[in-house]
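Under my numbering, the first residue of the sequence shown is numbered 129, with each subsequent residue one higher. Please read the structure below before turning to the comments.
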Amino acid sequence: MRETQKSWTARARKPSRLVAALLVCGAVALPWLSELAVSAPSETNQNVPGLADTPGTHPSLPGMDRALNGGMLKTEQGLAVLDSDVLLKIYVYAWSGQAVDYSAILTENTENIEAPKPVQASAVQKQEIDRLILAARAHPGVLIKVNDIALDAYDKADQAYPIDNRLFIKGADYYFDNSPFHFAYVDPESFRKLRCTDAQTIATLNAAIVNYEHFSMDIVAHVDGASAKDKGLSIALRQVTLKDAVGGVLISQTAGS
Numbered sequence: 129m130r131e132t133q134k135s136w137t138a139r140a141r142k143p144s145r146l147v148a149a150l151l152v153c154g155a156v157a158l159p160w161l162s163e164l165a166v167s168a169p170s171e172t173n174q175n176v177p178g179l180a181d182t183p184g185t186h187p188s189l190p191g192m193d194r195a196l197n198g199g200m201l202k203t204e205q206g207l208a209v210l211d212s213d214v215l216l217k218i219y220v221y222a223w224s225g226q227a228v229d230y231s232a233i234l235t236e237n238t239e240n241i242e243a244p245k246p247v248q249a250s251a252v253q254k255q256e257i258d259r260l261i262l263a264a265r266a267h268p269g270v271l272i273k274v275n276d277i278a279l280d281a282y283d284k285a286d287q288a289y290p291i292d293n294r295l296f297i298k299g300a301d302y303y304f305d306n307s308p309f310h311f312a313y314v315d316p317e318s319f320r321k322l323r324c325t326d327a328q329t330i331a332t333l334n335a336a337i338v339n340y341e342h343f344s345m346d347i348v349a350h351v352d353g354a355s356a357k358d359k360g361l362s363i364a365l366r367q368v369t370l371k372d373a374v375g376g377v378l379i380s381q382t383a384g385s
């Protein structure tokens, strides 16, 4: 399904790319980030799997914010908050080196039968977009926040909680809207298991899982490159932090750990 990441309406096009891990069970509060939302399938990509229709990730995508924010990049803890179609397009243009199509950045891509009229950027908007592109080049570290994550039961053999949904799929493309602009994780596989050996944390998570409670997650990644042809942004996963309903840290796992 072509999932529009309206708040991160992440769509997974077809399997294409996604991380590794170090873990700390317990409490390490990381005050990060923005929110993800979902989307419905588009007419051109309706059969493509995406986060929006993934059990435990709905709505698991960044929030739609089409504002240019005066040309200022939203950051937290030194990381750029990747939470909208506009910011994703900014990053693709910034890292692919292709000529900027201001109208493509500002025109909303929807699933409506009648497509919205193209938005022509004003002189001020062009300046704001240019500033954002420069800022995106200077901020390869990005932060994505996912909500409504359901965990499977603890695997004692692996000493980990498996994430058997579309959150981290190798070869998957994720979207914020119905445009061709998307991002993909370079190395997602090792984050499909959240390792934990802390007895208290395990007890807390097990109790929550039994009660069908969901969790949120902060995803820290680093831009690995972009493709002008495919309009895709490649990002390498660096760290994921699982949180409870009130933002308390449950598991923090880092790539390569």
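All C-beta atoms, glycine included, are put in the ideal place defined by N, C-alpha and C. All values reported here derive from a predicted model rather than from experimental measurement.
Checklist entry - Starting from residue 349 and walking both ways along the beta strand (DSSP E), at which residues does that stretch end? => result Within the sequence shown, numbered from 1, the residue matching residue 349 stands at position 221. That run of the beta strand (DSSP E) goes 343-355.
**Report entry** Of the residues 384, 237, 244 and 239, the one placed nearest residue 317, counting alpha carbons only
**Finding:** As a first step, residue 317 is located in the sequence shown; it is residue number 189 there, counting from the start. The option with the nearest alpha carbon to residue 317 is 384.
Open item on the list: Quick check on the burial criterion: 16 or more other C-beta atoms within 10 angstroms. Buried or exposed for residue 156?
Closed with: Counted from its first residue, the sequence shown places residue 156 at position 28. Its pLDDT being 30, under 50, residue 156 is placed unreliably in this model, and the value from its coordinates should be taken loosely. Classification of residue 156: exposed, given that the 10 Å Cβ count is below 16.
| My guess is that residue 223 and residue 376 are in contact by the Cβ rule of under 8 Å, so how many angstroms apart are they, rounded? | Within the sequence shown, the letter at position 95 stands for residue 223. Within the sequence shown, the letter at position 248 stands for residue 376. Between residue 376 and residue 223 the Cβ distance is about 34 Å, and since that is not below 8 Å, they are no contact.
| said: Per DSSP, what are the beta-bridge partners of residue 387 in this structure? | reply: No statement about residue 387 is possible, as the shown extent of the chain runs from 129 to 385 and does not include it.
In the DSSP assignment, find the alpha helix (DSSP H) that holds residue 217 and state where it starts and stops. Working through the sequence shown from its first residue, we reach residue 217 at position 89. It spans 213-224 - the alpha helix (DSSP H) in which residue 217 sits, taken as one unbroken run.
Self-check item: Distance, residue 320 Cα to residue 145 Cα
Solution: Stepping through the sequence shown from its first residue, residue 145 is reached at position 17. Stepping through the sequence shown from its first residue, residue 320 is reached at position 192. Residue placement at residue 145 cannot be trusted, given a pLDDT of 32 that sits under 50; what the coordinates show is reported in the next sentence. Their Cα atoms are separated by approximately 13 Å.
Pull the bridge partners of residue 311 from the DSSP assignment, please.
The residue labelled residue 311 in the question sits at position 183 within the sequence shown. The partner list for residue 311 (beta bridge, DSSP) reads 302 and 361.
Exercise for the section: Return the Cβ separation of residue 260 and residue 247 in integer angstroms, given the expectation that the two are a contact with Cβ distance under 8 Å. Expected result: Position 132 of the sequence shown holds residue 260. Position 119 of the sequence shown holds residue 247. Contact flag wrong, Cβ pair sits at about 16 Å.
If we ignore side chains and look at the alpha-carbon of each, how far apart do residue 231 and residue 303 end up? The residue you call residue 231 lines up with position 103 of the sequence shown. The residue you call residue 303 lines up with position 175 of the sequence shown. Going by the C-alpha atoms only, they are around 18 Å apart.
Starting from residue 260 and walking both ways along the alpha helix (DSSP H), at which residues does that stretch end?
Mapped onto the sequence shown, residue 260 falls at position 132. Start and end: 251-266.
Can you list, in chain order, the residues of its chain whose CB lies under 8 Å from that of residue 283, leaving out five sequence neighbours each side?
-> Counting from one through the sequence shown, the residue named residue 283 turns up at place 155. Excluding positions up to five away in sequence, the list reads 289, 290 and 321.
**Request:** Reducing DSSP to helix, strand and coil, say where residue 338 ends up.
**Result:** Translated into the one-based positions of the sequence shown, residue 338 becomes position 210. Helix at residue 338.
Reduced DSSP category for residue 282 - H, G, I as helix; E, B as strand; rest coil: As a working mapping, residue 282 is identified with position 154 in the sequence shown. Of the three classes helix, strand and coil, the one that applies to residue 282 here is coil, per DSSP.
Could you check if residue 220 is buried or exposed, using at least 16 other CB atoms within 10 Å of its CB as the buried criterion? Position 92 of the sequence shown, counting from 1, holds the residue named residue 220. Residue 220 is buried by the Cβ-count criterion.
query = Given that a residue counts as buried once 16 or more other Cβ atoms are within 10 Å of its Cβ, and exposed if not, what is residue 359?
reply = By 1-based counting over the sequence shown, the position of residue 359 is 231. With 16 or more Cβ atoms within 10 Å of its Cβ, residue 359 is classed as buried.
Please tell me whether residue 309 and residue 217 are closer than 8 Å, where the distance is taken between their beta carbons.
If you number the sequence shown from 1, residue 309 lands on position 181. If you number the sequence shown from 1, residue 217 lands on position 89. Yes. Within cutoff.
Is residue 103 helix, strand or coil when you go by DSSP? This structure does not reach residue 103, given that the chain is present from 129 up to 385, and the question cannot be answered.
Self-check item: As assigned by DSSP and simplified to three states, the class of residue 277
Solution: Residue numbering aside, residue 277 sits at position 149 when the sequence shown is read from its first letter. DSSP places residue 277 in strand when its eight states are reduced to three.
*asked:* Taking the straight line between their C-alpha atoms, what separation do you get for residue 275 and residue 351?
replied: As a working mapping, residue 275 is identified with position 147 in the sequence shown. As a working mapping, residue 351 is identified with position 223 in the sequence shown. Looking at the two C-alpha atoms, the distance is approximately 22 Å.
Residue-chain proximity (residue 203, chain B), Cβ-Cβ < 8 Å: Judged by its chain identifiers, the structure shown contains no chain B, having just a single protein chain.
Problem - Buried versus exposed, by CB contacts within 10 Å (16 or more), residue 369 - result: In the sequence shown, counting from the first residue as 1, residue 369 sits at position 241. So residue 369 ends up on the buried side.
Taking the alpha carbon of residue 280 as the reference point, which residue from 336, 311 and 198 has its own alpha carbon closest?
Translated into the one-based positions of the sequence shown, residue 280 becomes position 152. Of the candidates 336, 311 and 198, the one whose C-alpha sits nearest the C-alpha of residue 280 is 336.
With distances taken Cα to Cα, identify the nearest neighbour of residue 292 among 305, 277, 338 and 301.
As a first step, residue 292 is located in the sequence shown; it is residue number 164 there, counting from the start. Here the closest residue by C-alpha is 277.
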